[in-house]
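Working notes, beginning with the structure itself.
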């Protein structure tokens, strides 16, 4: 029983990291109906910002998070302005291809020796790792930080979306951006802020991932990004609670499969769960069917 509980805790650890990235996918899709496949690479950039903030500038952990949040938010806003905004009225396939191209550009541009370089780097932890054992179950301060920081981010996101004017504008643009614009909402600004919010969450996720699994490289965002996107679809893309639920399911399926079957199967089982859920409920677990306006 202790072994099972330990694996559940480990699954929560990676699931919370996936949730931060999945929220970026679901926010952007909810506003502009765009699958931003470059979002996983924003997560990667956040990890490298954290690496340099700790290794070269010796910043405290709070400042490391702020640096990653600011850098990734600016990167996401720049991507939206340069790559996605000009294609907003184009067929969706154009935006999709552009997102894939932006992902490849970020991966190979950052792999240049003049930027981050193609090597694997050890991610320095800015604090000593503390371990507690409770009835045969091992807990660490790294897990505590991941749980607390992720829950704080979720609470802040809920506050922004449902308790602020910006959040109200985001929901209005999500429902009908043309009408929202006619009612005085600055649609371009709202969409840009949505990208920034998703990028900030990915930056936090990148730092947490680096702390928990202390090795980073410029292609590290591919698989976590794909799994986070899968989590968003699994929970119901466009739904904030759905993204979190899907991420937790992905984390548990991945960890329990590796623990009880084989690490070889962990990715395959996770995607099989996605297929099963979409066959049963195509909108995802918490997603709702959206009526298209004609």
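Numbering (the numbering used here), first residue to last: 1 to 294.
From the three backbone atoms N, C-alpha and C, an ideal C-beta is built for every residue, glycine too.
Predicted model, so just to flag it, every value in this text is computed and none were measured.
Judged by DSSP secondary structure, residue 82 falls outside any alpha helix (DSSP H); it is assigned neither H nor E. For residue 2, the uninterrupted alpha helix (DSSP H) run begins and ends at 2 to 32, by DSSP. Look at the beta carbons and you see the region 243 to 253 touching the region 268 to 275: at least three pairs across the two are nearer than 8 Å.
For residue 129, there is no enclosing alpha helix (DSSP H), since its DSSP letter is neither H nor E. Inter-segment contact for the region 67 to 77 and the region 88 to 97 is absent: fewer than three beta-carbon pairs are separated by less than 8 Å. Annotation: the continuous beta strand (DSSP E) that includes residue 139 extends over 137 to 140. Residue 239 sits in coil when the DSSP states are folded into three classes, being neither helix nor strand.
In the DSSP secondary-structure assignment, residue 121 is bridged to 216.
Inside the region 36 to 66, DSSP marks whole alpha helix (DSSP H) runs of 4 or more residues at positions 39 to 55, from first to last along the chain. Annotation: the continuous alpha helix (DSSP H) that includes residue 269 extends over 266 to 280. Residue environment analysis places residue 98 among the buried positions, since at least 16 neighbouring C-beta atoms fall within 10 angstroms of its C-beta.
Looking only at 181, 45 and 62, the smallest Cα-Cα distance to residue 217 is reached by 45. Of the other Cβ atoms in all chains shown, 16 or more fall within 10 Å of the Cβ of residue 190; this residue is therefore buried. For the pair residue 268 and residue 25, the Cα-to-Cα distance works out to about 21 Å.
If you compare the alpha carbons of 166, 75, 258 and 229 with that of residue 203, the shortest gap goes to 75.
In this structure, residue 30 lies near residue 239, with their beta-carbon atoms less than 9 Å apart. The Cβ neighbour count for residue 224, taken over all protein chains shown within 10 Å, is at least 16; the residue is labelled buried. For residue 285, the closest alpha carbon among the candidates 257, 255 and 242 is that of 242. With respect to residue 123, residue 215 sits close: the two C-beta atoms are nearer than 9 Å. A direct Cα-Cα distance of roughly 36 Å separates residue 73 from residue 5.
Residue burial is scored here from C-beta neighbours: residue 227 has at least 16 other C-beta atoms within 10 angstroms and is therefore classed as buried. With a cutoff of 9 Å on beta-carbon distance, residue 129 and residue 140 are scored as near each other. The C-alpha of residue 78 lies about 11 Å from the C-alpha of residue 193. For residue 257, the secondary structure class from DSSP, reduced to helix, strand or coil, is helix. Counting along the chain, residue 174 sits inside the alpha helix (DSSP H) bounded by residues 165 to 175. Excluding sequence positions up to five before and after residue 266, its CB lies within less than 6 Å of the CB of 254, 257 and 258, all in the same chain and listed in chain order. A check of alpha carbon separations from residue 282 across 263, 245 and 235 identifies 235 as the nearest. Residue 174 sits buried, since 16 or more C-beta atoms from the chains shown fall within 10 Å of its C-beta. Between the C-alpha atoms of residue 168 and residue 112 there is a straight-line separation of about 41 Å. Inclusion of residue 212 and residue 13 in the CB contact set at 9 Å is warranted, their separation being smaller than that value. DSSP places residue 101 in the uninterrupted alpha helix (DSSP H) bounded by 92 to 110.
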